[in-house]
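Numbering (this note's numbering), first residue to last: -17 to 211.
The following block contains the structure:
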């Protein structure tokens, strides 16, 4: 056991060191390009660590989001998808910040265009005579380009302990912070599952009680509280 301790300690040190490379912050998790709004958006990347941070930026287009055939396609040519993300490599000094610019080149027509942008800290290779584990934490943001007249056309059905949302429109809707609250206000409300329901898809979730459902529903940048008896 004594012989194993230095090896275990070495592995833990390498894990800790590599996690420092992932000491990164992003000022937003979702970017929405709404119709008639600016086609440009900046995302601020921060380095909270004491070492220089090297980041690789990758862009993926999401085909058929929220369906069994959903596909994530990596994009290298922005002309192929109409979204420019620059730069694709970032160097941030300790405790510094850099901006990544997103430019929507082509407006959506019939429905949402969905993208994921991945920010990955770059870590050099281990020496050949070193035993260790590399831990790399990648961060991602969701990008939504809405069509000219976004409307999810939601059909919501609560039947007993089952809650179903059908999106028959042309843009997604996020159901979040859902609750079912007892009549006795002294008792705590029960939390419900959250879900982004994409256009042309539906979602069903089981409820803890046969009672009214409350959800905050977000479409684009607008959020409203909804009650479903």
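Cβ atoms here follow ideal geometry from the backbone N, Cα and C, with glycine treated the same way.
The structure displayed is predicted, hence computed values, not measured ones.
Neighbourhood of residue i by C-beta distance below 6 Å, restricted to the same chain and skipping five residues each side
| i | result |
| --- | --- |
| residue 245 | A question about residue 245 goes unanswered here, because the residues of the chain that appear run from -17 up to 211. |
| residue 204 | none |
| residue 200 | 156 |
| residue 187 | 145, 175 |
| residue 70 | 39 |
| residue 68 | 83 |
Residue i versus residue j: straight-line alpha-carbon distance, rounded
| i | j | result |
| --- | --- | --- |
| residue 208 | residue 173 | 15 Å |
| residue 198 | residue 102 | 31 Å |
| residue 63 | residue 166 | 52 Å |
| residue 211 | residue 140 | 7 Å |
| residue 20 | residue 123 | 19 Å |
| residue 60 | residue 169 | 52 Å |
Cutoff 8 Å; reference residue i; Cβ partners in own chain excluding five residues on either side
| i | result |
| --- | --- |
| residue 162 | 171, 172, 174, 189, 190, 191, 193, 194, 195, 196 |
| residue -2 | Confidence at residue -2 is low in this model, with a pLDDT of 37, below 50, so its placement is unreliable and no value can be given for it. |
| residue 92 | 129, 152 |
| residue 202 | 14, 16, 126, 128, 132, 153 |
| residue 104 | 3, 36, 37, 38 |
CB of residue i within 7 Å of CB of residue j, strictly
| i | j | result |
| --- | --- | --- |
| residue 16 | residue 158 | no |
| residue 65 | residue 97 | yes |
| residue 94 | residue 149 | no |
| residue 32 | residue 76 | yes |
| residue 14 | residue 126 | yes |
| residue 42 | residue 30 | no |
Same chain, Cβ closer than 7 Å to residue i, five either side skipped, listed in chain order
| i | result |
| --- | --- |
| residue 222 | Examination of residue 222 is not possible in this model, given that the chain is present from -17 through 211 alone. |
| residue 49 | 183 |
| residue 73 | 34, 36 |
| residue 121 | 6, 8, 101 |
| residue 142 | 192 |
| residue 90 | 127, 128, 129 |
Original post:
How do the stretch 135 to 151 and the stretch 18 to 37 stand: do at least 3 beta-carbon pairs fall below 8 Å, yes or no?
Top reply: no
Original post:
For the 8 Å Cβ check, are there 3 or more pairs between the stretch 73 to 83 and the stretch 10 to 19?
Top reply: no
Original post:
Taking only runs of the beta strand (DSSP E) that begin and end inside the stretch 95 to 164, which ones reach a length of at least 3 residues, in chain order?
Top reply: 95 to 103, 121 to 127, 136 to 141, 144 to 149, 155 to 162
**OP:** Could you pull out every unbroken beta strand (DSSP E) segment of at least 3 residues lying fully inside the stretch 48 to 89, listed in chain order?
**Re:** 53 to 57, 65 to 68, 71 to 74, 79 to 86
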